[in-house]
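Peer 1: A single structure is presented below for examination.
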């Protein structure tokens, strides 16, 4: 019987909670998370089934002060696992949580701060590419009449649609969460 397994699983930017739940379920089923690398390749090792809570924090700045960052979470009982594309992975046995679903974020505003860091770190560069390259290219290619330019126009229109889908996939959950935190 194999003692390791690899699964390819994709989670979009605002789906950190689904990723956390996925890792928790794997551990409950006897597969301990080892690492994620490459293009969403999750590596697991066979273990005794146990209820482990996994938490993610998006903090690309943690690399510069990595020791202090990790120690802060270790002091609260969280085991640091790795960094992957800006996210830090932590886990803790649910039995060590005093019967509550403890999170690395102590309140909704802290979670909202993390989502804002994700937006600034991931979405702002995409917005820059969108407004500085894709839209100007669509305008430029639409004004030139040749077969090559029509092909480029189609290519940039497809990119335009893909970018809009990406923006909406992040903006809608972000806005819903923002509204739930700031409801009056």
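In my numbering, the protein residues as written are 5 to 188. Backbone N, C-alpha and C define an ideal beta-carbon position, used for all residues, glycine too.
(1) What residue from 9, 145, 95 has the CA that sits closest to residue 28's CA?
(2) In whole angstroms, what separates the C-alpha of residue 173 from that of residue 13?
(3) For residue 9, write down the residues that DSSP places opposite it in a beta bridge.
(4) Quick check on residue 174: does DSSP put it in helix, strand or coil?
(5) Taking buried to mean at least 16 other C-beta atoms within 10 Å of its own C-beta, is residue 48 buried or exposed?
(6) Where do the N-terminal and C-terminal ends of the beta strand (DSSP E) with residue 83 fall, by residue?
(7) Under three-state DSSP, which class holds residue 92?
(8) Just to confirm before moving on: does the CB-CB distance between residue 58 and residue 93 stay below 8 Å?
Peer 2: Judging by the given coordinates:
(1) 95
(2) 17 Å
(3) Under the DSSP definition of a beta bridge, residue 9 partners with 48.
(4) helix
(5) Residue burial is scored here from C-beta neighbours: residue 48 has at least 16 other C-beta atoms within 10 angstroms and is therefore classed as buried.
(6) 83–88
(7) In the three-state scheme derived from DSSP, where H, G and I count as helix and E and B as strand, residue 92 is classed as strand.
(8) yes
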